[in-house]
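What follows is a set of notes on a single structure, which appears directly below.
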Amino acid sequence: MSVRGVNIEVGDKLRYLGGDPTNMGELLRGRVYEVVDIDYDVIAIDTADNGSWAIGDAYKNVDCFEKVEEEGNDRSAIDLIANLAQEVTELKRELSELRDANQAQAHKFYNKLDMILDDIVMLDERTQGANNGGQKLLSKEVYIYDTE
Numbered sequence: 012m013s014v015r016g017v018n019i020e021v022g023d024k025l026r027y028l029g030g031d032p033t034n035m036g037e038l039l040r041g042r043v044y045e046v047v048d049i050d051y052d053v054i055a056i057d058t059a060d061n062g063s064w065a066i067g068d069a070y071k072n073v074d075c076f077e078k079v080e081e082e083g084n085d086r087s088a089i090d091l092i093a094n095l096a097q098e099v100t101e102l103k104r105e106l107s108e109l110r111d112a113n114q115a116q117a118h119k120f121y122n123k124l125d126m127i128l129d130d131i132v133m134l135d136e137r138t139q140g141a142n143n144g145g146q147k148l149l150s151k152e153v154y155i156y157d158t159e
């Protein structure tokens with residue numbers, strides 16, 4: 012974007028994009044400068060050291076600047092913050108739902124594992140008479156892990 016074809020008035024803000032052929036370090040890329048004067052097709056901006064810089068077709072630097080829309084940027088920044096806050100809220104809710112679902116699934120898994128261990132112990136006790144190798148009976152050992 013450039014200032015070519017854009018209505019520029021005194022007091023407007025212009026951002027330097029870089030590429031001005033006569034710039035020898037006076038202008039900083041990304042910095043915003045204020046328009047202090049307009050004389051026909053020449054726009055004058057205030058530089059940091061109270062100097063001025065001319066912008067125009069004759070200087071071949073019109074495409075090196077863009078107009079900064081202050082009201083639009085403030086409003087879009089507020090909208091961006093509001094959208095981000097809403098997205099964070101949605102993500103927190105989704106994370107909470109996933110955590111609850113994961114906990115419920117882990118609880119079901121634990122209950123099924125407990126039932127399987129009970130069945131193994133019961134089958135071992137039923138086959139105790141067939142145990143002729145002197146092996147010990149299986150016993151149910153349940154380890155409870157802290158999940159929080």
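With my numbering applied, the sequence shown corresponds to residues 12 to 159, in that order. All residues carry an ideal CB built from backbone N, CA and C; glycine is no exception.
Mind checking whether Arg40 and Tyr27 have CB atoms under 8 Å apart?
As a working note, residue 40 is residue 29 in the sequence shown. As a working note, residue 27 is residue 16 in the sequence shown. Closer than 8 Å, so yes.
What is the DSSP secondary structure of Asp48, counted as helix, strand or coil?
By one-based count along the sequence shown, residue 48 stands at place 37. In this structure, Asp48 counts as strand in the three-state DSSP scheme.
Specify the secondary structure class of Asp31 as computed by DSSP and reduced to three states.
What you label residue 31 is simply residue 20 of the sequence shown in a count that begins at 1. DSSP, read as helix, strand or coil, puts Asp31 in coil.
Which of the three DSSP states is assigned to Glu80 in this structure?
Position 69 of the sequence shown, counting from 1, holds the residue named residue 80. Reduced to three states, the DSSP call for Glu80 is coil.
Which class does Asp57 belong to by DSSP, given the choice of helix, strand or coil?
Along the sequence shown, one-based indexing puts residue 57 at 46. Strand, per DSSP.
May I have the straight-line CA-CA distance separating Ala93 from Lys24, to the nearest angstrom?
Here residue 93 refers to the residue found at position 82 when the sequence shown is read from its first residue. Here residue 24 refers to the residue found at position 13 when the sequence shown is read from its first residue. About 26 Å.
From this set, Glu45, Tyr51, Cys75 and Asn18, which residue's C-alpha is nearest Asn197's C-alpha?
In the structure displayed, the chain extends from 12 to 159; residue 197 sits before or after that span and is not available.
Leaving aside the five residues before and after Trp64 along the sequence, list all residues of the same chain whose C-beta is less than 6 Å from its C-beta, in chain order.
Translated into positions along the sequence shown, residue 64 becomes position 53. So the qualifying residues of the chain are Ile56 and Thr58.
Can you tell me whether DSSP reads Arg26 as helix, strand or coil?
To locate residue 26, count along the sequence shown from 1; it is residue 15. Secondary structure at Arg26: strand, using DSSP grouped into helix, strand and coil.
Helix, strand or coil for Val43? Go by DSSP, reduced to three states.
Position 32 of the sequence shown, counted from the first residue, corresponds to residue 43. The DSSP-derived three-state label of Val43 is strand.
If you drop the 5 nearest sequence neighbours on each side, which residues of the same chain put their C-beta closer than 7 Å to that of Gly67?
Counting from one through the sequence shown, the residue named residue 67 turns up at place 56. Leaving aside the five residues that flank Gly67 on each side, the residues in its chain whose CB is nearer than 7 Å to its CB run, in chain order, Asp52, Val53, Ile54 and Val73.
Thinking C-alpha only, which one of Lys119, Ile19 and Tyr44 is nearest Gly29?
As a first step, residue 29 must be located in the sequence shown, where it is residue number 18. When each option's Cα is compared against that of Gly29, the closest is Tyr44.
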